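Protein chains: 2
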Amino acid sequence: MTRTPAGLSAITFTLDRTSPIPLYHQLAQQLEAAIERGVLTPGNRLGNEVDLSVRLGLSRPTVRQAIQSLVDKGLLVRRRGVGTQVVHRQVKRPLELSSLYDDLEADGQRPTTRVLRNETVPASADVAAALGIAEGSEVTVLERLRFTHDRPVAFLCNYLPADLVPLGNAHLETTGLYRMLRSAGITLHSARQIIGARSAAPEEALRLDEKEGAALLTMQRTAYDDTGRAVEYGTHIYRASRYAFDFQLLVRP
Amino acid sequence: MTRTPAGLSAITFTLDRTSPIPLYHQLAQQLEAAIERGVLTPGNRLGNEVDLSVRLGLSRPTVRQAIQSLVDKGLLVRRRGVGTQVVHRQVKRPLELSSLYDDLEADGQRPTTRVLRNETVPASADVAAALGIAEGSEVTVLERLRFTHDRPVAFLCNYLPADLVPLGNAHLETTGLYRMLRSAGITLHSARQIIGARSAAPEEALRLDEKEGAALLTMQRTAYDDTGRAVEYGTHIYRASRYAFDFQLLVRP
DNA sequence: TAGTGGTCTAGACCACACG
DNA sequence: GTGTGGTCTAGACCACTAC
Numbered sequence: 477m478t479r480t481p482a483g484l485s486a487i488t489f490t491l492d493r494t495s496p497i498p499l500y501h502q503l504a505q506q507l508e509a510a511i512e513r514g515v516l517t518p519g520n521r522l523g524n525e526v527d528l529s530v531r532l533g534l535s536r537p538t539v540r541q542a543i544q545s546l547v548d549k550g551l552l553v554r555r556r557g558v559g560t561q562v563v564h565r566q567v568k569r570p571l572e573l574s575s576l577y578d579d580l581e582a583d584g585q586r587p588t589t590r591v592l593r594n595e596t597v598p599a600s601a602d603v604a605a606a607l608g609i610a611e612g613s614e615v616t617v618l619e620r621l622r623f624t625h626d627r628p629v630a631f632l633c634n635y636l637p638a639d640l641v642p643l644g645n646a647h648l649e650t651t652g653l654y655r656m657l658r659s660a661g662i663t664l665h666s667a668r669q670i671i672g673a674r675s676a677a678p679e680e681a682l683r684l685d686e687k688e689g690a691a692l693l694t695m696q697r698t699a700y701d702d703t704g705r706a707v708e709y710g711t712h713i714y715r716a717s718r719y720a721f722d723f724q725l726l727v728r729p
Numbered sequence: 477m478t479r480t481p482a483g484l485s486a487i488t489f490t491l492d493r494t495s496p497i498p499l500y501h502q503l504a505q506q507l508e509a510a511i512e513r514g515v516l517t518p519g520n521r522l523g524n525e526v527d528l529s530v531r532l533g534l535s536r537p538t539v540r541q542a543i544q545s546l547v548d549k550g551l552l553v554r555r556r557g558v559g560t561q562v563v564h565r566q567v568k569r570p571l572e573l574s575s576l577y578d579d580l581e582a583d584g585q586r587p588t589t590r591v592l593r594n595e596t597v598p599a600s601a602d603v604a605a606a607l608g609i610a611e612g613s614e615v616t617v618l619e620r621l622r623f624t625h626d627r628p629v630a631f632l633c634n635y636l637p638a639d640l641v642p643l644g645n646a647h648l649e650t651t652g653l654y655r656m657l658r659s660a661g662i663t664l665h666s667a668r669q670i671i672g673a674r675s676a677a678p679e680e681a682l683r684l685d686e687k688e689g690a691a692l693l694t695m696q697r698t699a700y701d702d703t704g705r706a707v708e709y710g711t712h713i714y715r716a717s718r719y720a721f722d723f724q725l726l727v728r729p
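What follows is the structure, encoded as structure tokens:
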């Protein structure tokens, strides 16, 4: 006997074939919304792909593609011979290239930034190596203090190829670096991050309003765009008493 | 004119249709190997999918699936109207659910482990909450010290549902916890990690051979399996002087 | 044995980038 | 215009799971 799962049958899908949004994406969005709204609850079976495709008037590969995208997001699990189910525990925040500004803002923290330094200098050996450019090439060096509730959270030092994008202080104080890069048409592709800890040196302690010797969280990051070109190299220092990295991550199948 | 890129034409692909390994996976492996060996160098175009499928005697969707898997890994980039290229900077180590043991071993560090505690206790409120089980349920609590070169690197405290898998001390001393879970047939699916820092308390300093007040790197993690069931909750403390998290991560398109 | 997802085919048309 | 990837179809057979 073929049972249509209660949750799924309660959903009316509306697919617009004239829309520029791909059909599989429309379907995926509506499935995700149904999960979000609780119409499809954890453990609910999704019903087999063939039935679903017939019901929607789509081909099976298209339906599969929609389902697959949600599997990749960690919302669904497929088991051969069993079926497709909603994962019991929802993935709240998928791991992304963490932008401190976005993280804080998403947290309702209303971050602010003070630009301490913004100038063009020749790249030192280590910066050149990190960015994969010639030593002495022009790079923009950026030093910023980030605050929430008028208290410092982090000291951010970044290096970018000088010709990449104009970095006005006004914008830097009201938004995050990654947003500026994105709106300049630069799409980030990958990054390497090293997260460690160390004790605060006297000048660091002063800058961050911590005691000397307090534990600090550190991150070094190099970010790359589509073509593999290094776009940004940074050294960040966070007050461990006010910040921690919160990752949700998926295991590659 | 259609040019076959030099790199690609130099490769002979061998596809075994009788193999249980899917064709798209065989192709993906061989493409990846070619990139690894340097036959396909960064910037090399991969040639269009239609030609490739004809040459290999595969359908285009199958070839696409192979290419897509490498795009997902961050090795290739596709651009509509342009083509498929090898990414300039290679992704060295994709982000995975980091296993300290595996990380150290991959680094040639020959990690060792001393089990300090391994017993079954009723779950406290916070452990029960983290694992999503009833307070007072039986959990296995594990305390381990991990060494490299006979010096401590980390103190690991983990809680697992008691009935999950037998955890013999002998195995725990010679391998990692995640390997034991995997060989018990548990496939990890997702995890939430919180990485922070703090100063060493006296007893922590003693245990890790650090000075009191030294900066320590901390991680809290809850790991989940396929079904969304919490499999493990742990609190780890690392010597910041000897360990840092090294992530390579991709931005979701 | 029945039902599920996993793989694969051989086409088709479209949107976009580039010369 | 030409070539590229992006999307979509309507089937097919197989492997695995559960009963």
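Here the protein sequences come in this chain order: A and B. In terms of the working numbering, the first sequence opens at residue 477 and continues consecutively. In terms of the working numbering, the second sequence opens at residue 477 and continues consecutively. Don't be surprised by glycine CBs; every beta carbon is placed ideally from N, CA and C. Predicted, not measured: the structure shown is a model, and the values here were computed from it.
### Task
My understanding is that V615 (chain A) touches L636 (chain A), with C-beta atoms under 8 Å, so please give their C-beta distance in whole angstroms.
6 Å
### Message
Quick check on H501 (chain A): does DSSP put it in helix, strand or coil?
### Response
helix
### Paired residues, beta bridge with F623 (chain A) - DSSP
A:T588, A:P628
### Message
Less than 8 Å between CB atoms is the rule here; does V563 (chain A) satisfy it with respect to chain B?
### Response
yes
### Query
How far does the alpha helix (DSSP H) with H647 (chain A) in it reach, from first residue to last?
645-650
### Cross-chain neighbours of G689 (chain A) in chain B, by beta carbon under 8 Å
S675, G689
### Message
For chain A, check one thing: does any of its Cβ atoms lie closer than 8 Å to the Cβ of P481 (chain B)?
### Response
In this prediction, P481 (chain B) scores a pLDDT of 49, lower than 50, which makes its location untrustworthy; the coordinate-derived value is nonetheless stated afterwards. For P481 (chain B), the answer is no, since every Cβ of chain A falls outside 8 Å of its Cβ.
#### Entry: Distance between V553 (chain B) and T703 (chain A) (C-alpha atoms, nearest Å)
8 Å
#### Entry: Selection of the stretch 540-561 of chain B by Cβ proximity to chain A, strictly under 7 Å
G550, V553
### Message
Counting only beta-carbon separations shorter than 8 Å, does P498 (chain B) have a partner in chain A?
### Response
no
### Task
Pick helix, strand or coil for A509 (chain B), following the three-state DSSP scheme.
helix
### Query
Is the stretch 659-675 of chain A in contact with the stretch 719-727 of chain B, if contact means three or more CB pairs nearer than 8 Å?
yes
### Task
Closer than 6 Å by C-beta to R565 (chain B): which residues in its own chain qualify, once you throw out the five before and the five after it? Chain order, please.
none
### Query
So, does the CB of Y700 (chain B) fall closer than 8 Å to a CB anywhere in chain A?
yes
### Pairwise C-alpha distance: A599 (chain A) and D685 (chain B)
39 Å
### Task
For Q724 (chain B), decide whether its Cβ has a neighbour in chain A, counting only Cβ atoms nearer than 8 Å.
yes
#### Entry: Nonlocal neighbours in the same chain, by C-beta distance under 6 Å from S717 (chain A), ignoring five residues either side
none
### Query
Does the distance from the C-beta atom of L640 (chain B) to that of R620 (chain B) stay below 8 Å?
no
### Query
How big is the Cα-Cα spacing for S613 (chain A) and V707 (chain A)?
14 Å
### Message
Short of 7 Å Cβ to Cβ, which residues in the stretch 705-717 of chain B face chain A?
### Response
R705, A716
### Task
Taking all protein chains shown into account, decide if L618 (chain A) is buried (16 or more other Cβ within 10 angstroms of its Cβ) or exposed.
buried
### Task
Please report the residue range of the alpha helix (DSSP H) in which T538 (chain A) lies.
536-549
### Query
Straight-line CA distance for L732 (chain B) to Q561 (chain B)?
A query on residue 732 (chain B) cannot be resolved here, the shown segment of chain B reaching from 477 to 729 and no further.
### Query
The beta strand (DSSP E) spanning D701 (chain A) covers which residue range?
691-701
### Task
Please state whether DSSP places S495 (chain A) in a helix, a strand or coil.
coil
### Message
Comparing C-alpha positions only, which one of B:I713, B:L607, B:A510, B:T588 sits nearest to A681 (chain B)?
### Response
B:I713
### Message
Counting C-beta neighbours from all protein chains within 10 Å, is the total for T650 (chain B) 16 or more, i.e. buried, or is it exposed?
### Response
exposed
### L664 (chain A) - containing beta strand (DSSP E), residue span
664-675
### Message
Please return the same chain residues whose Cβ sits closer than 6 Å to the Cβ of T478 (chain B), not counting the five positions on each side in sequence.
### Response
Legend: pLDDT at T478 (chain B) = 40, less than 50; position of this residue unreliable, no value from coordinates given.
### Message
For R586 (chain B) and P628 (chain B), I'd like the C-alpha separation in whole angstroms.
### Response
12 Å
### Query
Quick one, which residues of the stretch 611-643 of chain B are near chain A if we go by CB-CB under 8 Å, in chain order?
none
### Query
At a CB-CB cut-off below 7 Å, which residues of chain B make contact with P518 (chain A)?
G704
### Query
Going by DSSP, what residues sit across from T596 (chain B) in a beta bridge?
B:T616
### Task
Starting from the Cα of A699 (chain B), find the closest Cα among B:L657, B:G689, B:R622 and give me that residue.
B:L657
### Cβ neighbour criterion (16 or more within 10 Å) applied to Y634 (chain A)
Reading off the sequence, residue 634 (chain A) comes out as Asn, not Tyr. Buried is the call here.
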